[in-house]
Structures are given as C-alpha cells and as structure tokens.
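Everything on this sheet refers to the single structure shown next.
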Amino acid sequence: MPNKLNESMISSFKNPFDDYNANVLDPELIMQYWFTPFSTGALKDFDEKRFFTQKMPIILQGSRGSGKTTILKYFSFPVQCERASQNKITIKQQLLSDKGVGFYFRCDDSFLKEFKSVFSIAVKSNWTACFEHYLELFFVKSLIEMICKLAEDYGSNFADEILKVSALNELRSDCNFDNMHSFSSYISSEIRYINTFKNEALFTQAKFEPKHVWSIYDISSKLIHAISLTAPELSNLNYLLLIDEFENLPNELQKQFNTMIKFCRQDISMRIGRRSENIVTKETINDIEYLRELHDYHLIVLDQDQDIQDLRSYLLGIAKKRLESIDSSLLPSNIIDILGDKEDLDAECQKVANEKNLHLSYILNSNPRIKSQANLLDQIIEIISYPENRIAETINALWVSRCEENEDPLDVAKFTVSAMHAFFDKAEHPLFEKYKNDYNNKYRYAIAILICTAYRKDKLYYGFNTLCHLSEGNARTFINLCKAIISDAFFYEKKNFLATKRISAESQSRAIKNYSQSEFNSVCSIIQDGNAIRKFLLSLGNVFSEFHKDRLVRYPETNQFIYNPDDLSPKDKKILDIAISWSLIKRKKKTQRLSAGISKEGDIYTINKIFAPIFNISYRTRGGINVDFSAKEIEEMLTGQFKKNKLSASTRRKRVSPTKNIKDIPPVNQLSLFDQGGTQ
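Count along the sequence shown from 1, add 1, and you get the number used in our numbering.
Okay, here's the thing in structure tokens:
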C-alpha cells in the first residue's frame, strides 16, 4: 500500500506554490488563493467593505510581490463575478453586497514607453490627451461589460435602456447609436485603431485620426448616471479605477492621474498600486497644486515594519490556501508541519561541532594572553567544556576571552561555569541574569553563526519562522521560498519527503540559499544601474559578515546601516534611491536614534533580509550599533573599490569582562556594565 501511495503521489504531485504571479492568475485562481490581508498589518484599520466604499482615493505602496496586484485584482469586476458564482448569488446581489465595483488597469511599462514614443511624434505635445482618450475607452469598455452582465438580472433590454438614458448624442451630435451592441462595437474599434496605429505608425507615417477624442469621464460618467437612473438600487455604488504599477507612468501622465486623485469625483474613486514614493511625483497639471497625504489620498505601506505575530498569521493563511488546493493525502495543510517552526540552534550547533572543541579555541585565542600559552588554553577548555550544550560552552569561552589583565583566566573560567550551572539549575548567582540574557537572547543566534564560522560551514536557514523574517511580509517572496523548498525536497530527498511529509533543515537551507542568490542576480541584472547596486550590496553584505565573524561578538547580529543622503553626489543618491525603490535596501518607517553612542535621530537602513543567507548573517532586527558609511565610502562601494575594515581597531569596543572583580561582585541590579541587550 505505501509503495502504491508513493507512486500515486509521484505521478500526481504538483507543487502547490507554483502559481505565484497575480498578473497571470485568472479570477478563479485569485479567489482560490485569496487570504485576506485586511484587519492585519498595514491594513489593520481596513476591511474589504471600507476598501470598496471609501470615497477618498487609496494608494497601496509596496515592493514587488507585496500583494498590491492581488488586492487590486480581488476588487475587480471579473473577480466579483467569480465571487458571485461561488456565493451562488447574482451579479446584482454581489455588487449590492460589496457596495462598489472595480475596473483593473495595469500600467504596462513596455506599452507606455511605446505609446509615448509613437504619439509624441504623431501629435507632439498632445500625446497625453491620446492616452486620456485611451483610458476613457478602456473604462467605458469595462462598464459595458458590467452592464451586459447585469442584463442577466434586469432583462435583455437593460443594456439598450442604459444607452438610451445616457443620451450620448448630447456629447456629440454624431454619437448616435441604435443599441448597446453597436456602441460596444464602436468602442472596441476605437481601441483596436489605437493599438494598430501604435504598432504601425513608425513604419507607415500615418496620421492619428480617431472618430472622436474623449476626455476622461466624458462617456463613463454618463453611463454611470444612466445606471443609477435605470436601476436606482445601484445608485450608491462606488466605482473604482484600480490602477496598478503607477510608477511606470511617465511624469506627464503621473501629473494627470494626480489631478484626477486630487479632484476625485463623488461617484468614481481610485485605488493605486505603486512601488516606492521616491520614484513618483506629487505634482498635478496645475503648477501650484500638489497631492497631500490624508487630504487628497490615504497611503497604505504594505510591507514595512509588520508585527511578527500578525505576519505569521497572514503567511500561515496564504500557505494553507495553497496546500488545501491539492489532495490532502499528499501534504498537510499546515506549512509548519512540513517545515517546522523555529530553528533548533542547539541541535544545529551540536551537529556542526561534532564532538570537537575547535570553536572554543577559536574564541579563546582572541585573547593574546591565552593564545600564547597552549597549556593554559587546554586547561580553560577542560573547565568550560559542556559538550551537551554547545551554545552554553561557547558563552563560557566568550566570557573567559574577555578577562582583564588583573584577572586569572582559570578563576574566571571556574566562576563562569558556576554561573552557567546556576542558570540551568535556576539557582542564585550574582551573574544569573547576565547569563540568562546572554544565553536566551543576546548571543544565542550570533554564537550559532560563530560556531559555523569556526568550522567553515554555512549557517542553515530553515523553518516557518525563518521564512516569515526573510520574506519581510512580501507574499510573493514567501510563496517563492515555499515553492523552492518543496521542489528541492522533491528532487533531492523524495523518498523521505513522501514518507514523512517533512523537509530536512539541510534541504530547506539549500533551497533558500539558491533562491536568495538567484533573486539577487536576477534583480541586479534587470534594473537601471544594476551593476553598481550589485557592487554596493556585495560590499554591504561583506561588511555585515565581518561583524558576524568577530570572535568577541561585540556587536551581535549587526545588519543595519546609516548614511547621510544629503552628502551624496546626485549620481550616487539616484542609484541608492533606485535600490530603495526596488526594496533591495529598506529604510525604516520611523526615524530612530542613529546608533549606539549617537544621540541624533535619523533614517536607518537595512539590506533586504532575503539576501541574508548569501552572506551568512542574521535576519533578525536588533538594537545597538548601526554601521555608519560616509559619502566617500558609499561611492567606493558603488564602484567596487571599497576595502576598508569597518570593524577596525579604532571602532572596536573595549573588552568588558563579565567577571571583573569577582572577589567583590556587586549586586545583580548594579550590573549595568554587563550590557544586557534586547532583540526584536
């Protein structure tokens, strides 16, 4: 039976995380995979009803894969129709329930570049009017499709009645159509004409001569008004233009859209999806009018500084939807059952050390006095060694390595071990709290990386909790990581995977590292100034890696940095702005104290955590020191010339011996010099 089951699984298995790009998902799949992001994270103050009905335009801002497209498409009319079908209600009932209807328009980069190139030649400065004409035709076409669908509820004459009531001939005397079919044909032919002209104009030298040139809302507003008159129960619908990839719009069109946002109609609102605010303008077509947040629009930043518990719930829900889409006999519906939850750092360190003590001498040799006396080194290792817990014995080594000239290393070693046993036995000890904090919190992850460094092995990245941190709330990154992990397991450990429905830490880590490197290479190869950004990220990651390899662990888990944008050259500032807009580096949402020892407030930056596995660094966010880069150093990093050791002697923290003055140890509440730290 097991063999037959495995054969069946092998032949029928489809990675449930394969479909991940909302641009190519049809309405049925969007509904199938939808797990609401509302009421959590950045959308905690929203529900789906409010997103449909709010009159003030809403801007969704987030990196690639943050969920902008999925959210916008979920509120589009085709998905509303699918929702009605699944709810077993009519389109009319669904619209009345939603109290709104949305029409999705993607600002395709290649289309826009070609459109501007062709029409700026054909009609020169009036090319933006041509785009406005095209957008209105798109909106009208979408409204016609909705009206024809509603005819299923209101009767076959509904569409023609709407056309009659709209009185389009009041706009143009020759705009006279007998029925909705002929009007729909006209709209479709005008759209085809624009597309054909765009594709052929550069070769034919033809003139652009549409039957009419419409401004936005010329026709659409009349159709909407006609709907409210013909079907009064629909008169309160909020019509939404769902504009995605706003950042692709040329500056001239951004100004036009901003004007539409600022002077939003009562019956037609907008929902915008865009990347970083750095690459869009707030200008309108009026030189003295600018968009103002909370006055003209509501900004929602999707993937910034999310609460980890909210994030876990959201990503668990996304994974469950995917896993439930396949036969339940193949995989459990809870991703934690497949990946495990949190890393087992104790087991990982035990496996890496493998009954050796190299990691202890690796740290102890950072103390010149101990390093110079081989016999002393062996004696200390014999005292502090605790093979059943590699992290604890490494903390012991760290404490001893920090002993001062007037301290006897052997006495320090013995006292350190007494603190360790007191911690595990929950007994009283002057350094109980210090040991507890170092073991449970401050040094635990940093020591795991250091042990791997001592044995020249890579830190493993695995478990659901790790994926939450690496993805930073980015749904597509999370889905891609799950996809990569399951594909790797199915290829490299198929037999064990099928038998246990669990994936080993080694397989997970291999897949995560491969995806991390692939994402790094692919993004840096397609974006503007990608080569300079690649060199910058490599320099940045190597600096953080240097801090993680520090044998004294003076700055545990350092992965944040600071710089002054005002000091940069215009060229360098532009390049870093591009890196920020692609979320390759991230700016913290709120200004904070720049670093330990610096009282000034300012912006703090991090490398995208998905790149942490490339450099064997921590994905966690800690307080403490943030590496400060000068404008000159930023320039060197962008050109690949950066060679400076940021952990140089001039910046190294003085050794602090936890056991200083052990003959006269102060009360625990006076141990501030022991630098107890915290972690988010």
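Cβ coordinates follow ideal geometry from the N, Cα and C atoms, glycine included.
With contact counted as at least three CB pairs below 8 Å, one residue from each stretch, are the region 459-475 and the region 565-579 in contact?
-> no
Grouping DSSP H, G and I as helix and E and B as strand, with all else coil, what is R266?
-> coil
Can you list, in chain order, the stretches of the beta strand (DSSP E) that have 3 or more residues and sit fully within the region 283-333?
-> 299-302
Thinking just about the alpha-carbon of each residue, which of C350, L411, D530, A632 is nearest to the one in Y446?
-> C350
Roughly how many whole angstroms lie between the Cα atoms of K427 and N355?
-> 28 Å
Entirely within the region 172-211 and at least 4 residues each: give me those alpha helix (DSSP H) ranges in chain order.
-> 181-205
Since I believe G464 is in contact with G42 (beta carbons under 8 Å), could you give me their beta-carbon distance rounded to a whole number of angstroms?
-> That belief does not hold up - the Cβ atoms of G42 and G464 are roughly 21 Å apart, past 8 Å.
Just tell me which of Y155, A393, L331 has its CA closest to the CA of L235.
-> Y155
Distance CB(F78)-CB(I244) smaller than 8 Å | no
K372 (DSSP reduced to helix, strand or coil) = helix
Just grab the DSSP bridge partners of L61 for me.
-> G274, I301
Give me whichever residues DSSP pairs with T417 in a beta bridge.
-> Looking at the DSSP assignment, T417 forms no beta bridge with any residue, so it has no partner.
Residue range of the beta strand (DSSP E) that includes S236 = Careful: S236 lies outside any beta strand (DSSP E) and carries neither H nor E.
Among N177, C131, G101, P17, which one has its Cα closest to the Cα of E115?
-> C131
State yes or no: is the C-beta of V401 within less than 8 Å of the C-beta of L432?
-> no
Run of the beta strand (DSSP E) containing K601, from where it starts to where it stops | 599-603
Only counting runs of 4 or more residues, tell me where the alpha helix (DSSP H) segments fall wholly within the region 39-85, in order along the chain.
-> 49-54, 69-75
Using alpha carbons as the reference points, say which of G603, E558, K633, L569 lies closest to K610.
-> E558
Residue environment, I309, which counts as buried when at least 16 other CB atoms sit within 10 Å = exposed
V25 (DSSP reduced to helix, strand or coil) | helix
Residues near S1 by beta carbon distance below 6 Å, same chain, minus five either side = The requested residue 1 is not part of the displayed model; the chain covers only 2 to 681.
Span of the beta strand (DSSP E) around F562 | 561-563
Less than 8 Å separating the beta-carbons of N239 and K56?
-> yes
Report yes if the C-beta distance between D342 and N466 is below 8 Å; otherwise report no.
-> yes
Could you check the C-alpha separation between S510 and A485 for me, to the nearest Å?
-> 10 Å
Alpha carbon of R621 to alpha carbon of L151, nearest angstrom = 52 Å
Counting along the chain, where does the alpha helix (DSSP H) carrying G624 start and finish?
-> Premise fails: G624 is in no alpha helix (DSSP H) and is neither H nor E.
Determine the direct distance from the alpha carbon of K263 to that of I452, and round the result to whole angstroms.
-> 57 Å
S596: first and last residue of the uninterrupted alpha helix (DSSP H) it sits in = Where S596 is concerned, there is no enclosing alpha helix (DSSP H), although the beta strand (DSSP E) it sits in stretches over 593-596.
Select from V524, S189, T231, A512 the residue whose C-alpha is nearest the C-alpha of P211.
-> S189
Could you give the C-beta distance for S67 and A512, rounded to a whole number, given that I count them as a contact under 8 Å?
-> The Cβ separation is near 22 Å, so there is no contact.
Ordered list of alpha helix (DSSP H) runs contained in the region 444-470, each at least 4 residues | 445-455
Nearest to T417 by alpha carbon, out of E434, I381, C82, N397?
-> N397
Determine, using beta-carbon pairs with one atom in the region 85-101 and one in the region 177-195, whether at least three such pairs fall under 8 Å.
-> no
Is the number of C-beta pairs between the region 44-54 and the region 521-528 that are closer than 8 Å three or more?
-> no
Using the C-alpha atoms, what's the distance from N22 back to K443?
-> 39 Å
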